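Trainee:
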Amino acid sequence: MTKNIVNSQIDCPQGVEIKEIIKETHDVKTFVLNRRLLNAKLGQFVMIWIPIVDEKPFTITQSDPLAITVKKRGKATQTLHSLEEGDILGVRGPYGDGVFSLNKKKKIMLVGGGYGTASLKILAETAVMQNIEVDAIIGADTKKNLLFVDHFKNIGAKVTITTDDGSLGIKGFTTFALFSLFKLQNQNYDAIYTCGPEIMMSKVLKIADKYNIEVQASLSAYMKCGFGICGHCALDPLGLRVCKEGPVFSSDILKKIDGFGYNTRDKSGRLVKWSEMI
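Residue numbering for the sequence shown follows this note's numbering, beginning at 86 and increasing consecutively.
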């Protein structure tokens, strides 16, 4: 008998009410939904259907109740930002077999760039609850775009802030601060977890490799199905799918991805440079 490809419990959108909307920054909001996802694993995502507009993947930033954090970009997220508490969204998931692992970790570093910091929020909370020492570097282009800085501090993480323009914290990139911790302060970690611009994550990988430290990175890609059928988010030349085998990949896989940090695929599936997507 052929194995069912579609799991009706997670692959069919379910209407869920927006319970609360929290403004994080001028263009980022957290949507708390009237649903619990107690089985969600660290780093997994859900597909969110915005009625009549589009369906998009979003990292789970809270599981009980379910919450997603959304940056206003294109038509779908602009529409999402215009919704109010009580409105209904379609939700399916959670998805992703590649998740963050905290197994046997005692001290970790989180490196979040821009909106990517949202993908590290629930990881930081879980690590602290497991009595793991958490250091975090949170960066953005400017002060107003920094995300979850106070939250990370409040849960007990040691936070270093960077901004490209120097409006708060260290002037420069997150990778500059990371390299400084190793070079000047002789810090060491069991693993580095990162999410943000891919070029940033590729540089995190290079720094970590120099000091023989494991990296776990949460990748993003255009997705259409969310559960591995369409292959739109496949990574060259491995064929691994961000939605299925990811979204989190470890150092050994990241090193094998063609053009990691430089190439990606656009909406049509065409291979392009990241600079063309900005």
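Positions of the beta carbon are idealized from the N, C-alpha and C atoms, including for glycine. Quick caveat: nothing in here was measured; it's all calculated off a predicted structure.
Which residues in the same chain as residue 163 place their Cβ atom closer than 6 Å to its Cβ, once the five residues preceding and following it in sequence are excluded?
Mentor: As a first step, residue 163 must be located in the sequence shown, where it is residue number 78. Excluding residues within five positions, the ones whose Cβ falls inside 6 Å are 157.
Trainee: What is the DSSP secondary structure of residue 195, reduced to helix, strand or coil?
Mentor: Numbered from its first residue, the sequence shown carries residue 195 at position 110. Correct three-state label for residue 195: strand.
Trainee: Taking the continuous beta strand (DSSP E) assigned at residue 172, which residues delimit it?
Mentor: Looking up residue 172 in the sequence shown gives position 87. Looking at the DSSP string, residue 172 is not in any beta strand (DSSP E), and its letter there is neither H nor E.
Trainee: With a CB to CB cut of under 6 Å and the five nearest residues on each side skipped, what residues in its chain are close to residue 233?
Mentor: Residue 233 sits at position 148 when you count from the first residue of the sequence shown. If we look at residue 233 and ignore the five residues flanking it on each side, its Cβ neighbours are 202 and 206.
Trainee: For residue 330, which three-state DSSP category applies?
Mentor: As a position in the sequence shown, residue 330 is number 245, starting the count at 1. Of the three classes helix, strand and coil, the one that applies to residue 330 here is coil, per DSSP.
Trainee: Span of the alpha helix (DSSP H) holding residue 103?
Mentor: Numbered from 1 along the sequence shown, position 18 holds the residue referred to as residue 103. Residue 103 -> not in any alpha helix (DSSP H); beta strand (DSSP E) instead, spanning 99-110.
Trainee: Would you kindly work out how many angstroms separate the C-alpha atoms of residue 269 and residue 261, rounded to a whole number?
Mentor: The residue given as residue 269 occupies position 184 in the sequence shown. The residue given as residue 261 occupies position 176 in the sequence shown. Residue 269 and residue 261: Cα-Cα distance of roughly 11 Å.
Trainee: Can you have a look at residue 332 and say buried or exposed, based on whether 16 or more other CB atoms are within 10 angstroms of its CB?
Mentor: By 1-based counting over the sequence shown, the position of residue 332 is 247. So residue 332 counts as buried.
Trainee: Under DSSP, the alpha helix (DSSP H) around residue 162 begins and ends at which residues?
Mentor: Taking the sequence shown and counting its residues from 1, one reaches residue 162 at position 77. Residues 160-167.
Trainee: Hey, how far is the Cα of residue 193 from the Cα of residue 255?
Mentor: Position 108 of the sequence shown, counted from the first residue, corresponds to residue 193. Position 170 of the sequence shown, counted from the first residue, corresponds to residue 255. So the alpha carbons of these two residues sit roughly 21 Å apart.
Trainee: Would you mind sorting residue 171 into buried or exposed? The rule is 16 or more other CB atoms within 10 Å of its CB.
Mentor: Residue 171 sits at position 86 when you count from the first residue of the sequence shown. Exposed is the call here.
Trainee: Counting only runs that start and end within the region 196-225, where is the alpha helix (DSSP H) found for 4 or more residues in a row?
Mentor: Taking only runs of at least 4 residues, the alpha helix (DSSP H) segments lying wholly in the region 196-225 are 206-214.
Trainee: Excluding the five sequence neighbours on either side, which residues of its own chain have a C-beta within less than 8 Å of the C-beta of residue 274, listed in chain order?
Mentor: The sequence position of residue 274 within the sequence shown is 189, counting from 1. Only 192, 193, 194, 220 and 298 meet the Cβ criterion.
Trainee: I'd like the ranges of any alpha helix (DSSP H) spanning at least 4 consecutive residues and lying wholly in the region 291-342.
Mentor: The qualifying runs are 336-339.
Trainee: Hey, would you say residue 259 sits closer than 8 Å to residue 222, going by beta carbons?
Mentor: By 1-based counting over the sequence shown, the position of residue 259 is 174. By 1-based counting over the sequence shown, the position of residue 222 is 137. Yes, these two residues count as a Cβ contact at 8 Å.
Trainee: Could you have a look at residue 233 and say whether DSSP puts it in helix, strand or coil?
Mentor: Working through the sequence shown from its first residue, we reach residue 233 at position 148. Residue state, collapsed to three classes: coil.
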